[in-house]
Amino acid sequence: MTGGALELRGLSKRFGQTVAVAEASFSVPEGRLATLLGPSGCGKTTVLRMVAGLEAPSAGRILIGGRDVTALPAAERGVSLVFQSYALFPHMSVLENVAYGLTVAGVGRREARARAEEAMAGVGLQGLGARLPSELSGGQQQRVALARALVLRPRVLLFDEPLSNLDARLRRRVREDIRALQQRLGLTVLYVTHDQHEALAVSDTVIVMRQGAIAQIGTPRDLYERPADRFVADFIGEAALLPAEVLSVSAGIAALSVGPLRLSLPANGAAAGRAATLAVRPHGWRLGPEGLPARLLRSAYLGSHLEALFETALGEVFATLPLDAPLPPPGGEVRLAVDGTPGAAAVVPEPPPG
Ligand SMILES: Nc1ncnc2c1ncn2[C@@H]1O[C@H](COP(=O)(O)OP(=O)(O)OP(=O)(O)O)[C@@H](O)[C@H]1O
Ligand SMILES: [Mg+2]
Numbered sequence: 003m004t005g006g007a008l009e010l011r012g013l014s015k016r017f018g019q020t021v022a023v024a025e026a027s028f029s030v031p032e033g034r035l036a037t038l039l040g041p042s043g044c045g046k047t048t049v050l051r052m053v054a055g056l057e058a059p060s061a062g063r064i065l066i067g068g069r070d071v072t073a074l075p076a077a078e079r080g081v082s083l084v085f086q087s088y089a090l091f092p093h094m095s096v097l098e099n100v101a102y103g104l105t106v107a108g109v110g111r112r113e114a115r116a117r118a119e120e121a122m123a124g125v126g127l128q129g130l131g132a133r134l135p136s137e138l139s140g141g142q143q144q145r146v147a148l149a150r151a152l153v154l155r156p157r158v159l160l161f162d163e164p165l166s167n168l169d170a171r172l173r174r175r176v177r178e179d180i181r182a183l184q185q186r187l188g189l190t191v192l193y194v195t196h197d198q199h200e201a202l203a204v205s206d207t208v209i210v211m212r213q214g215a216i217a218q219i220g221t222p223r224d225l226y227e228r229p230a231d232r233f234v235a236d237f238i239g240e241a242a243l244l245p246a247e248v249l250s251v252s253a254g255i256a257a258l259s260v261g262p263l264r265l266s267l268p269a270n271g272a273a274a275g276r277a278a279t280l281a282v283r284p285h286g287w288r289l290g291p292e293g294l295p296a297r298l299l300r301s302a303y304l305g306s307h308l309e310a311l312f313e314t315a316l317g318e319v320f321a322t323l324p325l326d327a328p329l330p331p332p333g334g335e336v337r338l339a340v341d342g343t344p345g346a347a348a349v350v351p352e353p354p355p356g
């Protein structure tokens with residue numbers, strides 16, 4: 003099997019006693035966008051820095067276009083990194099910032115300028131070349147950083163939390179712009195974020211990391227509907243994790259008993275007679291005449307829906323409910339049923355701890 007445009011084989015990094023990355027292996031096919039997703043400190047930036055050539059791995063190999071680049075200096079790898087902070091030169095104009103990498107690589111002034119202008123037009127920065135970075139909005143600065151990376155025509159483009167300095171509304175727009183540009187130009191991208199919505203929205207493949215190791219690799223839908231473990235189930239999309247008993251499995255469908263609830267769901271590797279975990283998404287709950295007895299702790303009105311937190315014998319349940327859901331006042335009792343729609347709930351093969 004060919005390894006794709008970017009391939010990591012058993013890549014590890016230690017800093018003294020800290021194992022920042024533990025034997026990471028995955029590949030990103032040409033023209034695809036893969037996201038490294040995981041909580042703060044799980045090793046995402048360290049993976050990117052090793053791919054970029056800014057950090058030497060403790061073990062393992064990095065291949066780009068099938069060539070081993072593990073020992074190559076950063077400038078010879080055909081990789082560009084867009085930093086979280088953008089790292090623009092404050093005293094240089096936008097045009098000079100974008101052209102900088104070309105100038106350093108020895109490209110002539112005229113050609114560097116022409117290519118920088120082309121890259122700027124590609125990300126919607128026409129006419130802003132003479133400004134200083136401080137004279138741009140946050141979203142525009144982000145696009146300067148992007149143009150500066152694109153102008154080098156990298157084989158692999160790396161992003162480290164590129165949207166974290168933008169407000170929520172702009173974040174959505176810029177992430178859509180990045181995804182559209184990546185697809186239009188057929189760019190091979192490794193993208194780092196700790197925001198699961200961002201990861202689901204932009205990715206062909208998501209690589210979930212936990213404490214330096216890879217927890218699961220899959221499409222956004224795989225991860226959401228077939229989480230490999232409790233960590234992934236909770237990290238991707240949030241879930242109430244409830245102890246379940248697998249009554250039977252037939253044709254890949256598991257019959258589950260979860261307190262008073264009886265459900266049939268794709269087995270996802272769970273086995274009959276064993277304990278497993280049921281992960282129920284916040285939107286997967288309904289108020290029913292029957293179901294899990296629950297006491298309302300608090301609720302909030304969010305315009306498009308209600309949010310409610312319940313206490314149950316199986317643990318706390320966070321639910322999003324339609325605006326007309328008949329919620330009692332705090333302290334009131336309800337019954338919670340699990341919706342039958344796909345994505346509302348998933349079986350996690352591993353049992354709850356203890
Ligand atoms: N230069 C360094 N020296 C020592 N430890 C480091 C160094 N760089 C990173 N680490 C440690 O390695 C681990 C992974 O760090 P890394 O920056 O890769 O995490 P991250 O997933 O990018 O986190 P965040 O989402 O907060 O950016 C952390 O425990 C961190 O403290
Ligand atoms: Mg980081």
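For the sequence shown, this note's numbering begins at 3 and goes up steadily by one.
A virtual CB, placed ideally from N, CA and C, is assigned to each residue, including glycine.
Legend entry - With 16 other Cβ atoms within 10 Å as the buried cut-off, status of L325: Exposed, by the Cβ-count rule.
Inset, instruction - Check whether the segment 227-235 touches the segment 267-286, taking contact to mean three or more Cβ pairs, one atom from each stretch, closer than 8 Å. - result: With the cut-off at 8 Å, the segment 227-235 and the segment 267-286 touch.
Legend entry - Simplified DSSP state of P245, which is helix, strand or coil: The answer is strand: DSSP assigns P245 an E or B state.
Inset, instruction - Closer than 6 Å by C-beta to E309: which residues in its own chain qualify, once you throw out the five before and the five after it? Chain order, please. - result: So the list reads A302, T322, once near-sequence residues are dropped.
Legend entry - Reduced DSSP category for V125 - H, G, I as helix; E, B as strand; rest coil: In the structure shown, V125 sits in coil (DSSP, three-state: anything other than H, G, I, E or B).
Legend entry - Per DSSP, cross-strand counterpart(s) of L265: Residue pairing for L265: DSSP places it in a beta bridge opposite L258.
Legend entry - G220 versus T37 - alpha carbon distance: Annotation: G220 to T37 spans about 10 Å, alpha carbon to alpha carbon.
Legend entry - Backbone secondary structure at I180 - three-state DSSP: DSSP places I180 within a helical segment (H, G or I) once states are collapsed to three.
Legend entry - Given 8 Å, three or more beta-carbon pairs between the segment 61-72 and the segment 106-120: Note that the segment 61-72 does not touch the segment 106-120; fewer than 3 beta-carbon pairs, one per stretch, sit closer than 8 Å.
Legend entry - CB contact flag (V30, T190, <7 Å): Yes; because the gap between Cβ atoms is below 7 Å, this pair is in contact.
Legend entry - Backbone secondary structure at P272 - three-state DSSP: Strictly speaking, residue 272 in this sequence is Ala, with Pro absent from that position. In this structure, A272 counts as coil in the three-state DSSP scheme.
Legend entry - Inter-residue spacing [alpha-carbon to alpha-carbon] between A327 and G290: In a straight line, the C-alpha of A327 is about 10 Å away from that of G290.
Legend entry - Neighbourhood of H285 by C-beta distance below 7 Å, restricted to the same chain and skipping five residues each side: So the list reads T322, A346, once near-sequence residues are dropped.
Inset, instruction - Would you decide whether S87 is buried or exposed? Buried here means 16 or more other CB atoms lie within 10 Å of its CB. - result: S87 counts as exposed, since fewer than 16 other C-beta atoms from the protein chains shown sit within 10 angstroms of its C-beta.
Inset, instruction - Could you tell me the distance, in whole angstroms, from the CA atom of F361 to the CA atom of L97? - result: Since the first and last residues shown for the chain are 3 and 356, residue 361 lies out of range.
Legend entry - Unbroken beta strand (DSSP E) run spanning D162, endpoints: Element bounds for D162: 158-162.
Legend entry - Reduced DSSP secondary structure (H/G/I, E/B, other) of E120: Helix, per DSSP.
Legend entry - Q185 versus R34 - alpha carbon distance: Approximately 8 Å, taken between the alpha carbons.
Inset, instruction - Less than 8 Å between the CB atoms is what I'm expecting for S95 and G131, so what's the real figure, rounded? - result: Correct: roughly 6 Å between the Cβ atoms.
Legend entry - Continuous alpha helix (DSSP H) stretch holding E227: start and end: It spans 222-227 - the alpha helix (DSSP H) in which E227 sits, taken as one unbroken run.
Inset, instruction - Please confirm whether any heavy atom of ligand 1 lies closer than 6 Å to the CB of F161. - result: No, the Cβ of F161 stays beyond 6 Å of every heavy atom of ligand 1.
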